[in-house]
Structures are given as C-alpha cells and as structure tokens.
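Residue 656 is where the sequence shown ends in the working numbering, and the numbering goes up by one at each step.
All C-beta atoms, glycine included, are put in the ideal place defined by N, C-alpha and C.
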Amino acid sequence: MAEITGLRGEKVRLVPPDKGQHLENAIRWMNDPEVVQYLLLTTGVTRGLEEEWFERIQKRDSEFVWAIVDEHRRHIGFTGIHRINWRLRSGGTGTVIGEKDVWRKGYGSDAMRVRTKFAFETLGLHRLESEARSDNVGSQRALEKAGYKREGIARKKFLWEGRWHDTVLYGILDEDYFGESRS
Ligand SMILES: CC(C)(COP(=O)(O)OP(=O)(O)OC[C@H]1O[C@@H](n2cnc3c(N)ncnc32)[C@H](O)[C@@H]1OP(=O)(O)O)[C@@H](O)C(=O)NCCC(=O)NCCS
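Below is the structure:
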C-alpha cells in the first residue's frame with residue numbers, strides 16, 4: 474500500500490482516517506472515561522457507531538477529520554474541522570489525544586497548528602472556533618499555545634455528573650494567522 478504523507482507538523486502528521494488502521498483505537502479511546510470526560514460522551518461508543526462515524530467523515534463536504542500520528546507513526550489521536558460554513562468561511566475544531574502516555578508532550582498543540590495552516594492556507598477559511606469546558610485546562614492551554622484567543626464564556630452550558638459547567642470559547646482568525654498586515 475502506498476504510504477500517505479499527510480500534513481506534517483513539527484512532531485505529528487495528520488493523515489486521513491482509515492478503518493483498518495484507526496478504528497480499534499477510536500473504540501478504545503471513546504470508551505475511556507479519562508479521555509472522554511470533557512467530550513460529553515456519557516454512554517460509551519459501540520463498534521457500530523464508530524464505524525458509522527468513519528463512513529460519514531469520508532463523505533462529508535462540511536468536515537475534515539484526520540488521524541494524528543507521531544514521529545514513529547504511532548496513531549495517538551484524532552483532530553478535525555467540523556460544521557464548515559462555506560459562506561462565512563468558518564468551522565468548529567476539536568482534538569482528542571487518545572493515548573494518555575503522550576499527553577502534555579506537545580502533540581495536541583502541534584496537531585492544532587497543522588490544522589490551522591490547512592484551514593487558512595488550503596481551504597481559505599476565515600475563522601476557526603473551539604469550545605472547552607472551563608475545567609479542561611489542558612485543552613485551553615493547548616489552544617492558546619496553538620494561537621487561539623480566548624473570546625468568552627458561555628455560562629452553565631454543559632451538564633456533567635449533575636453539575637452545570639461553563640464553557641470557554643476560543644477562536645483564531647485568518648488575520649491572526651497571517652498577521653494583521655494582510656487583512
Ligand atoms: C486537551 C488535549 C488535546 C491537549 O493535548 P496535549 O498533547 O496533551 O497538549 P500539549 O502537550 O500540546 O499542551 C499544550 C500546553 O498545555 C499544557 N497542558 C496540557 N494538558 C494540561 C493539563 N491537563 N494541565 C495543565 N496543563 C496542561 C502543556 O503543558 C502545554 O504547555 P507548555 O508548552 O507550557 O508546557 C489532550 O490532553 C486530550 O486530548 N485530552 C482529552 C480529550 C480532550 O479534552 N479534548 C479536548 C476537548 S475540548
């Protein structure tokens with residue numbers, strides 16, 4: 474099989490999701506409470522649901538999803554741009570590093586930077602946004618490290634284990650990425 478280069482970052486590569494290579498990890502990660510605690514997945518994910526997700530993301534024109542692989546080609550997570558609005562040139566973004574032994578090693582923020590480059594340089598988008606539960610420090614730090622700006626708070630938006638949690642909205646614009654001079 475031909476090797477897929479994907480999009481390169483400093484540490485990661487973003488490659489198209491492939492059932493044969495990435496499905497088993499997706500099922501394992503999406504059923505790990507520590508990984509999904511901030512993602513509002515409370516009931517677990519079946520093989521059938523995960524297979525459907527793989528089918529769907531291949532076909533959609535309004536989203537791009539990639540598997541994240543590290544410098545040794547180990548599959549460590551997923552990242553994506555979702556709900557792209559081509560008229561407003563905006564999209565929502567999300568990242569999961571499923572292998573917990575590589576948390577806080579720079580992979581998440583590197584994947585976000587690669588995704589941002591693709592969004593602005595290849596897709597010509599104008600704005601990306603992401604939302605993190607207010608106690609998800611890792612997500613917020615990674616977004617900030619990748620150049621996103623904190624834009625505001627949505628009060629009591631997520632219900633988790635009987636408690637409402639605020640969420641923090643983050644955004645990055647093409648002008649942030651290219652520099653004010655080009656906008
Ligand atoms: C959130 C997540 C994507 C971050 O990816 P990561 O590879 O661990 O993050 P990075 O190593 O790139 O971290 C970037 C910065 O955040 C810091 N950071 C990451 N996780 C942290 C945590 N839990 N607490 C404090 N700081 C944290 C890192 O130390 C780093 O800062 P530094 O460069 O100043 O040291 C990853 O931990 C993850 O997938 N978690 C589970 C799912 C999730 O919460 N996804 C986001 C939903 S909104």
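Legend entry - Cβ neighbours of D639 in the same chain (closer than 7 Å, five flanking residues each side left out): S607, I626, A627, R628, K629, K630
Inset, instruction - Please confirm whether L601 and I645 have their CB atoms less than 8 Å apart. - result: yes
Legend entry - R562 - DSSP class collapsed to helix/strand/coil: coil
Inset, instruction - Measure the alpha-carbon distance for R504 versus W526 and round it to whole angstroms. - result: What sits at residue 504 in the sequence shown is Asn, not Arg. C-alpha separation (whole angstroms): 15 Å.
Legend entry - Near ligand 1: N558 beta-carbon under 7 Å from a heavy atom: no
Legend entry - Between the CA atoms of S612 and H599 - distance to the nearest angstrom: 22 Å
Inset, instruction - Determine the contact status of A584 and T552, defining contact as a CB-CB distance below 8 Å. - result: yes
Legend entry - Assigned exposure category for L632 - 16 Cβ within 10 Å defines buried: exposed
Legend entry - Continuous beta strand (DSSP E) assignments of at least 3 residues falling wholly in the region 565 to 606: 600 to 606
Inset, instruction - Note down the Cα distance separating D574 from G550, rounded to an integer number of angstroms. - result: 12 Å
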